[in-house]
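Down below is the structure, laid out as structure tokens.
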Amino acid sequence: MTATYVHDEIASQPESWRRAAATLPQVSSLLPQHGERIAVVGCGTSWFVAQAYAVLREESGHGLTDAFAGSEFPAGRSYDRVLTISRSGTTTEILELLGQLTDVPTVLVTAVDDSPCAAAADVTIGLGFADEQSVVQTRFATTALALLRAHLGEDLEPLALDAEKALAVDVTTLLDLEQVTFLGRGWTVGLAHEAALKTREAAQFWAESYPAMDYRHGPISIAQPGRAVWTLGEVPQGLDSDIAATGAQHVHHDLDPLAALVVAQRFAVALAEH
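In terms of the working numbering, the sequence shown is residues 3 to 276.
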């Protein structure tokens, strides 16, 4: 296997998450504060990070948190702060939105401090150490989410250790599948959407994603032998037996869901190479 940027970037995630934790004291006051009503906005992968963070922030009691795709931000809705995420800092929809939000504080999390979006935001949090050269985005998005989790009070060291385990999981046994559906529940629904997107982007492979409970209401009809259902995080009671009845393979890893996403990233790249 020829080493590429994406392999190096995927492998660097445990250390990137540790660096995010070390960065927190310098940026904590810039991020949404306890009790604030906020919106989190991104496009593509960044939107899925926003979805995951929104659920985690509300579940931890930090305040009402909505997540939107950049093009779908509701004009006229009131927030105490808007947090935007853009790796490149050039995302068109984010740049336009920042230009429109003149009456609410805006924060940008980016890998490029001197970007157009950084100039348009009130405050910029730079994660340049997690920037990427590969077309398929991996470590910036997970590092942004790791930073936000740390800001909610989580210890990132167990997460980083799980990511190191994720780098050793064998994905070669999955490369002959013809289809995969990724499932999540709560904050991991966003991770499921991201895993499916990575698989489509990297390998042009048939991948879908759903909330785990809703999957049984129709989408499970495509499950059959030769296909897989991949759960990230909590597996709802009875779902494994429902999957088994279809003949599909159930894929699940006993890791923090963000670390389990690393396995899905590696699967996507291995599929492309395969």
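Positions of the beta carbon are idealized from the N, C-alpha and C atoms, including for glycine. In this text the structure is predicted, and so the values were computed from the model without any measurement.
{"Query": "Comparing alpha-carbon positions, which option in ILE87, LEU100, THR190, LEU103 lies nearest ALA146?", "Result": "ILE87"}
{"Query": "When the distance is taken between beta carbons, is LEU273 closer than 8 Å to ALA204?", "Result": "yes"}
{"Query": "Short check: CB of SER117 to CB of SER136, under 8 Å?", "Result": "no"}
{"Query": "Helix or strand or just coil, what does DSSP make of TRP2?", "Result": "Since the first and last residues shown for the chain are 3 and 276, residue 2 lies out of range."}
{"Query": "So what's GLY130 in DSSP terms, helix, strand or just coil?", "Result": "helix"}
{"Query": "I think THR47 touches GLU196, with their Cβ atoms under 8 Å apart; what is that distance to the nearest whole Å?", "Result": "6 Å"}
{"Query": "Per DSSP, which one or two residues make a beta bridge with VAL109?", "Result": "LEU85, VAL125"}
{"Query": "Just to confirm the assignment, what range does the beta strand (DSSP E) spanning TYR212 have?", "Result": "209-213"}
{"Query": "ILE96 and GLY128 - do their beta-carbons sit closer together than 8 Å?", "Result": "no"}
{"Query": "Rounded to a whole number of angstroms, what is the C-alpha to C-alpha distance between GLU61 and PHE50?", "Result": "17 Å"}
{"Query": "For GLY220, list the residues DSSP reports as bridge partners.", "Result": "For GLY220, which the question treats as bridged, DSSP gives no partner whatsoever."}
{"Query": "Only counting runs of 3 or more residues, tell me where the beta strand (DSSP E) segments fall wholly within the segment 148-203, in order along the chain.", "Result": "181-186"}
{"Query": "When DSSP labels each residue in this structure, what does PHE75 get in the three-state scheme?", "Result": "coil"}
{"Query": "Could you tell me the alpha carbon to alpha carbon distance between LEU99 and LEU26, rounded to whole angstroms?", "Result": "26 Å"}
{"Query": "With three or more beta-carbon pairs closer than 8 Å as the criterion, would you say the segment 199-214 touches the segment 172-191?", "Result": "yes"}
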